[in-house]
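Visitor: Counting in our numbering, the sequence shown runs from 834 upward without gaps.
Let me give you the structure first, and then I'll get to my questions.
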Amino acid sequence: MTRRGTLQVVAAASGALAFVLAARSLAVDAEPIDVRSHHLTHAVLILGGAVSALALAAAYPRRNPYSEQPQWLLPAILGPLGGMVLMIPTLYPYMNAHPVTHVLSHFGHIIAGFTAAWCGERYRARVGWAASLFLEAMAVGAAFGFGVTR
């Protein structure tokens, strides 16, 4: 298999695994977990989206990776912001009462990770890596910060 083919498989596998993990909470008799562990699950979902995007970006590199493409900057910024908005504590009661909405928010975390990585890499080389790492750090930090009472 070629390098590009391998990267495509990595992208597809990491994205698919993240979506399966996100949909798992709809399963009958899904075991409830504490808020901290749930936030760490969000971090894993974000990581799945980011790995998928970074693998695709490596498989399909830009011709001039160090020249800026400004049309990608705004989505590279809004992706991580959207991921963090999904973890606002005031949304928890609504999300817990509406399982489908909760799963959609999990898909949102995957999309946020993908958007941060893909759009960052399209903007300029290595920006996607940086945006992904910062989003991941914020998600892990949320597990030990805001909204965590137990």
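Just so you know, even glycine gets a beta-carbon here, dropped at the ideal spot from N, CA and C.
The structure displayed is predicted, hence computed values, not measured ones.
Starting from the Cα of Arg895, find the closest Cα among Ala976, Glu954, Gly961, Ser885 and give me that residue.
Guide: Within the sequence shown, the letter at position 62 stands for residue 895. For the options Ala976, Glu954, Gly961, Ser885, the alpha carbon positioned closest to that of Arg895 is the one of Glu954.
Visitor: Fully enclosed by the stretch 905-947, which alpha helix (DSSP H) runs are 4 residues long or longer?
Guide: 906-918, 925-930
Visitor: Kindly confirm or deny that the stretch 911-919 and the stretch 932-946 touch, where touching means at least three C-beta pairs closer than 8 Å.
Guide: yes
Visitor: Is DSSP giving Pro898 helix, strand or coil here?
Guide: Residue mapping note: residue 898 aligns to position 65 of the sequence shown, counting from 1. Pro898: coil per DSSP, three-state reduction.
Visitor: What does a CB cutoff of less than 7 Å around Ala975 pick up in its chain, not counting 5 residues either side in sequence?
Guide: Sequence index remark: in the sequence shown, residue 975 carries index 142 (1-based). Same-chain partners within the cutoff: His872, Met920.
Visitor: Please confirm whether Ala950 and Ala851 have their CB atoms less than 8 Å apart.
Guide: Taking the sequence shown and counting its residues from 1, one reaches residue 950 at position 117. Taking the sequence shown and counting its residues from 1, one reaches residue 851 at position 18. Not a contact, by the Cβ cut-off of 8 Å.
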